[in-house]
Amino acid sequence: MMKRQWPPQAFYKQPSPAVMSGFLMLALLKVAAAAPTTPPSGDGATARPVALKLPTEANVLTTLRAGHPRLILLPEDITRIKNFIANDATARGYYAALVRNGEKILTQPPVERVLIGPRLLDKSRTALDRIYTLGLLYRLDGDRKWADRATQEMLKVATFSDWHPDHFLDVAEMTHAVAIGYDWFYDALSPADRATIKAALVEKGLRASEKAYQTHAWWTKNAFNWNNVCNGGTIVGALAVADEEPILARYLLVQATAGLPHALASYAPDGAWSEGPGYWGYATMYTVAAFAALQSALGTDFGLSTMPGFSEAGLFRLQGAGPTGLFFNFADAGERAGDEPSLFWLARRFDSPLLAAGAREAAGKNGSARDLMWYDPRGTKAEIANVGLDSQYKAAHLAFFRSAWNDRNALYVGFKGGDNKANHSHLDLGTFVLDALGQRWAIDLGGDEYNLPDYFGKLRWTYYRLRTEGHNTLTLDGQNQDPKAAAPLIAYHSSPDGGLAVADLSAAYALVGATRVQRGVAMLPGRHQILVQDEIAAKQPVDVVWSMHTKAAVTINANDAHQATLTQGGATLQARLLEPAGASFSVQDVNIPAPQHPSPGVKKLQVHLPEKITAARIVVLLTPGIEAAPVPPVTALAQWEKAAR
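The sequence shown begins at 1335 in the working numbering and counts up by one.
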């Protein structure tokens, strides 16, 4: 097979010696104007924040829409969806997938109250997905079979002893499911079934929420996903029965809308989410469902959707996925960047054809019920291509760099500082992922099985995937980073020719005696190579290991252990150790002991300094495909920082 090159030789223009000697970091940084990191003007993806006008119990229901259905999809929305199905091939494909999924549900038994570990969450989510699928089908074609099967599902969960309030996400998602079903199938339910389902929704769902607010449960004003999901589910549930249970609904809506801003503040200032891309999706999906329900039932979301950062959240989702279709999956996140229906809602809410195009890319040909609910045909790949190649997320301390959009072979690196105290975090400050030539070369192993002993407790930092050694960063004296440490990005720059970021990791290694540890990651001029540079100083000698996890085959050059060749999928990545002269590359298999999830085929490219040091610089150049790549001069990170200011 012919070896693929990056970039194709016909398009590769090697920088002149003058440019290369000026770069690291001055040639790159003399470009004053950074590449744009927001959608092109006119896209409309940025909302102007307005003051919150949170409701009181006296006024929260004054605009309640009478009758059913009133949650998320109103009759005019059904007309809109039918028009898309009739006239838009993509929407028609989503509808065909919806019918297939609905027919499959008809053959399956209702969920049972079976916990997996300490959670009922799997069953709550199954019920929720089924209700949305069956409900949308029923509202589109009126076929009684969909209503009958949904009724069966709701009556079954109504028999559960409870919806497992010990793990309140379970209650929240089941409340959401039954609320949608009660509202959308209201006229199809018999009076007896309606009463049974409503009683379960109130007693097993909303009364559990009421107790949580009365006892100041920790999630009610938490800053991350539990807040979005639990307050969001409560909002949807309360609105479903607000006309029949007005006193309870008023109380719950006031409490939930007051709690949500504590989590919404985590999107500020630029839409990023410190729990990782997986929990960005989880939190955002339930947030937009709550906003959509408030808008449809009350005509307002009380300004919540205009809180700083939320209108930019969709762009974070686009930037966080590499050209391979894989996330920079830091924290407890999986790497697959799949369907994201909330992007459609965000596109409509913030008038963004860009996000609509991104939503269609994420959904592929087989969108879900929620993709079809919020479908937006606007935007093309041209909108995506006009997004800035680089981006920085200031509160989450993340940076992304790429050579192109809409090109699976593009070069991409995601790099993080971050905060080890963030919810779902790993001890991974300084880690990175790398895509090129259609392959993910530097991988993040993601989270492990949540039911491992004390996964969220005192044993958390004993599990390989969560430990420092399990990430693409530095390990000093074989120890984890400080779980309380944070690593700010202290420099960031983007120009049309390349970009860079520097993270200060010093606090992460202070417990082992390090006084200064910094990592810089740069996409070099021409956007063909990545440079990773570390500088370490310590008050006593420390052992230093540089690591990069990969699924590629790794060969160390027999004549020069400063060079390694990685191959996978018919593509090649060259790794070159520029400093220190006395170090060399090595490779080892990653064998994770049971009961942790295994890692078949994963290797770790390492640089293990031959002796303990009090000062060192490690510089690794990563070049996709090019056999004789230009080698840049090495410049101190202090110069990177100075030039970036």
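Just so it is clear, CB atoms sit at the ideal spot from N, CA and C, and this is done for glycine as well.
Point to revise | Option in LEU1761, THR1460 and VAL1876 with minimal Cα separation from ASN1806 | key: Position 472 of the sequence shown, counted from the start, is the residue given in the question as residue 1806. Looking at the Cα atoms, LEU1761 is the closest of the given residues.
Review point. From ALA1972 to TYR1826, what does the alpha carbon distance come to, in whole angstroms?
Key: Within the sequence shown, numbered from 1, the residue matching residue 1972 stands at position 638. Within the sequence shown, numbered from 1, the residue matching residue 1826 stands at position 492. One C-alpha to the other measures close to 13 angstroms.
Practice item. Inspect the beta-carbon positions of VAL1570 and ALA1534 and report whether they are closer than 8 angstroms. Key: Here residue 1570 is taken as the residue at index 236 of the sequence shown, counted from 1. Here residue 1534 is taken as the residue at index 200 of the sequence shown, counted from 1. Result no, Cβ atoms of VAL1570 and ALA1534 do not sit closer than 8 angstroms.
Exercise for review: Compare the Cα-Cα distances from ASN1814 to each of LYS1387, THR1796 and HIS1510 and report the closest residue.
Suggested key: The residue labelled residue 1814 in the question sits at position 480 within the sequence shown. The shortest Cα separation from ASN1814 among LYS1387, THR1796 and HIS1510 belongs to THR1796.
Practice item. Tell me, please, which residues DSSP counts as bridged to GLY1833. Key: Sequence index remark: in the sequence shown, residue 1833 carries index 499 (1-based). Per DSSP, SER1828 and MET1857.
Point to revise | Residue from VAL1953, LEU1638 and THR1591 whose Cα sits closest to the Cα of ALA1915 | key: Taking the first residue of the sequence shown as 1, we reach residue 1915 at position 581. Among VAL1953, LEU1638 and THR1591, the Cα nearest to that of ALA1915 is on VAL1953.
Point to revise | Exposure of ILE1777, with buried meaning 16 or more beta-carbon neighbours within 10 Å | key: Taking the first residue of the sequence shown as position 1, residue 1777 is located at position 443. Burial call: buried.
Exercise for review: Count the other C-beta atoms from every protein chain shown that fall within 10 angstroms of the C-beta of ASN1893, then say buried if there are 16 or more, exposed otherwise.
Suggested key: In the sequence shown, residue 1893 corresponds to position 559, counting from 1. ASN1893 is exposed by the Cβ-count criterion.
Review point. So which of SER1881, PHE1650, PRO1389 and ALA1819 has the shortest CA-CA distance to THR1634?
Key: Start at 1 with the first residue of the sequence shown, and residue 1634 comes out as number 300. The shortest C-alpha separation from THR1634 is found at PRO1389.
Check your understanding: Taking the continuous beta strand (DSSP E) assigned at ARG1774, which residues delimit it?
Key -> In the sequence shown, counting from the first residue as 1, residue 1774 sits at position 440. Counting along the chain, the beta strand (DSSP E) containing ARG1774 begins and ends at 1773-1776.
Point to revise | DSSP beta-bridge partners of LYS1938 | key: The sequence position of residue 1938 within the sequence shown is 604, counting from 1. Paired residue(s): HIS1883 and GLN1922.
**Study point:** Through-space distance from ARG1704 to ILE1465, alpha-carbon basis
**Key:** Indexing the sequence shown from 1 puts residue 1465 at position 131. Indexing the sequence shown from 1 puts residue 1704 at position 370. In a straight line, the C-alpha of ILE1465 is about 11 angstroms away from that of ARG1704.
Review point. Just how far apart, CA to CA, sit PRO1787 and PRO1929?
Key: Numbered from 1 along the sequence shown, position 453 holds the residue referred to as residue 1787. Numbered from 1 along the sequence shown, position 595 holds the residue referred to as residue 1929. Spanning the two alpha carbons is a distance of roughly 9 angstroms.
Practice item. Taking the CB atoms as reference points, tell me whether GLN1940 and SER1920 lie closer together than 8 angstroms. Key: Your numbering for residue 1940 matches position 606 in the sequence shown. Your numbering for residue 1920 matches position 586 in the sequence shown. Their beta carbons are under 8 angstroms apart, which means GLN1940 touches SER1920 by this criterion.
Point to revise | Of the residues HIS1596, CYS1564, ASN1559 and PRO1711, the one placed nearest SER1686, counting alpha carbons only | key: Translated into the one-based positions of the sequence shown, residue 1686 becomes position 352. Checking every option, the nearest Cα to that of SER1686 belongs to PRO1711.
Review point. Taking contact to mean at least 3 C-beta pairs separated by less than 8 angstroms, is the segment 1404-1411 in contact with the segment 1444-1456?
Key: no
Check your understanding: Of all the options LEU1594, PRO1875 and PHE1664, which has the alpha carbon lying nearest to the alpha carbon of GLY1751?
Key -> In the sequence shown, counting from the first residue as 1, residue 1751 sits at position 417. Of LEU1594, PRO1875 and PHE1664, the residue nearest in Cα terms is PHE1664.
Point to revise | 8 angstroms contact criterion, which ASN1561 and LEU1594 should meet: CB distance rounded | key: Stepping through the sequence shown from its first residue, residue 1561 is reached at position 227. Stepping through the sequence shown from its first residue, residue 1594 is reached at position 260. Contact holds; Cβ gap of about 7 angstroms.
Check your understanding: Should GLN1548 be labelled buried (16 or more other beta-carbon atoms within 10 Å of its own) or exposed?
Key -> Within the sequence shown, residue 1548 is the residue found at index 214, counting from 1. Counting Cβ neighbours within 10 Å, GLN1548 comes out exposed, since fewer than 16 surround it.
Check your understanding: Could you give the C-beta distance for GLN1852 and PHE1734, rounded to a whole number, given that I count them as a contact under 8 angstroms?
Key -> Indexing the sequence shown from 1 puts residue 1852 at position 518. Indexing the sequence shown from 1 puts residue 1734 at position 400. The pair is not a contact, with the Cβ atoms about 19 angstroms apart (cut-off 8 angstroms).
**Study point:** Distance, ARG1426 Cα to ASN1720 Cα
**Key:** Working through the sequence shown from its first residue, we reach residue 1720 at position 386. Working through the sequence shown from its first residue, we reach residue 1426 at position 92. The alpha-carbon atoms of ASN1720 and ARG1426 are separated by roughly 28 angstroms.
Check your understanding: Would the segment 1639-1647 and the segment 1658-1673 be scored as touching if the rule is three or more Cβ pairs under 8 angstroms?
Key -> no
Exercise for review: Give every residue of the same chain whose Cβ lies closer than 6 angstroms to the Cβ of ALA1583, excluding the five residues on either side of it in the sequence, and list them in chain order.
Suggested key: Within the sequence shown, numbered from 1, the residue matching residue 1583 stands at position 249. Counting only Cβ-Cβ distances below 6 angstroms, and skipping sequence neighbours, we find ALA1572 and ALA1576.
Point to revise | Same chain, Cβ closer than 8 angstroms to VAL1433, five either side skipped, listed in chain order | key: The sequence position of residue 1433 within the sequence shown is 99, counting from 1. LEU1471, listed in sequence order.
Review point. Leaving out the 5 sequence neighbours to the left and right, which residues in its chain are closer than 6 angstroms to HIS1874 when beta-carbon positions are compared?
Key: Along the sequence shown, one-based indexing puts residue 1874 at 540. The sequence given here places Gln at residue 1874; His does not occur at that position. GLY1847, listed in sequence order.
Check your understanding: Taking the alpha-carbon positions, what's the LEU1440 to THR1467 distance?
Key -> The count along the sequence shown starts at 1 and reaches residue 1440 at position 106. The count along the sequence shown starts at 1 and reaches residue 1467 at position 133. Distance between the alpha carbons of LEU1440 and THR1467 is about 11 angstroms.
Point to revise | Where ASN1757 falls, given that 16 or more other Cβ within 10 Å makes a residue buried | key: The residue you call residue 1757 lines up with position 423 of the sequence shown. It counts as buried.
Check your understanding: Skipping 5 residues on each side, what residues in its chain have a beta carbon closer than 7 angstroms to that of ALA1716?
Key -> Counting from 1 along the sequence shown, the entry for residue 1716 is found at position 382. Here the set comprises nothing.
Review point. How many angstroms separate the CA atom of TRP1974 from the CA atom of VAL1836?
Key: The residue labelled residue 1974 in the question sits at position 640 within the sequence shown. The residue labelled residue 1836 in the question sits at position 502 within the sequence shown. Each residue's Cα considered, the two are about 8 angstroms apart.
Review point. With respect to 7 angstroms, is the separation between the Cβ of ASN1565 and the closest non-hydrogen atom of the ligand ADP below this value?
Key: In the structure shown, the ligand ADP is absent, as is every other ligand, since no ligand is present at all.
Review point. Is it buried or exposed for GLY1476, if we count other Cβ within 10 angstroms and need 16 for buried?
Key: The count along the sequence shown starts at 1 and reaches residue 1476 at position 142. That one is exposed.
Check your understanding: Between LEU1823, ALA1697 and PRO1830, which lies nearest to VAL1855 when the distance is taken from Cα to Cα?
Key -> By one-based count along the sequence shown, residue 1855 stands at place 521. Nearest of LEU1823, ALA1697 and PRO1830 to VAL1855, Cα basis: LEU1823.
**Study point:** Local Cβ density within 10 Å of TRP1614, reported as buried at 16 or more and exposed below that
**Key:** Counted from its first residue, the sequence shown places residue 1614 at position 280. Looking at its Cβ environment, which holds 16 or more other Cβ atoms inside 10 Å, TRP1614 is buried.
Point to revise | Whole alpha helix (DSSP H) elements within the segment 1558-1599, 4-residue minimum | key: 1559-1574 and 1580-1598
Exercise for review: Within the segment 1401-1450, note down every full alpha helix (DSSP H) run reaching 4 residues or more, in order along the chain.
Suggested key: 1409-1421 and 1423-1440
**Study point:** Other residues of its chain near ASP1753: CB distance less than 6 angstroms, five sequence neighbours each side excluded
**Key:** The count along the sequence shown starts at 1 and reaches residue 1753 at position 419. Answer for ASP1753: ALA1820, listed in chain order.
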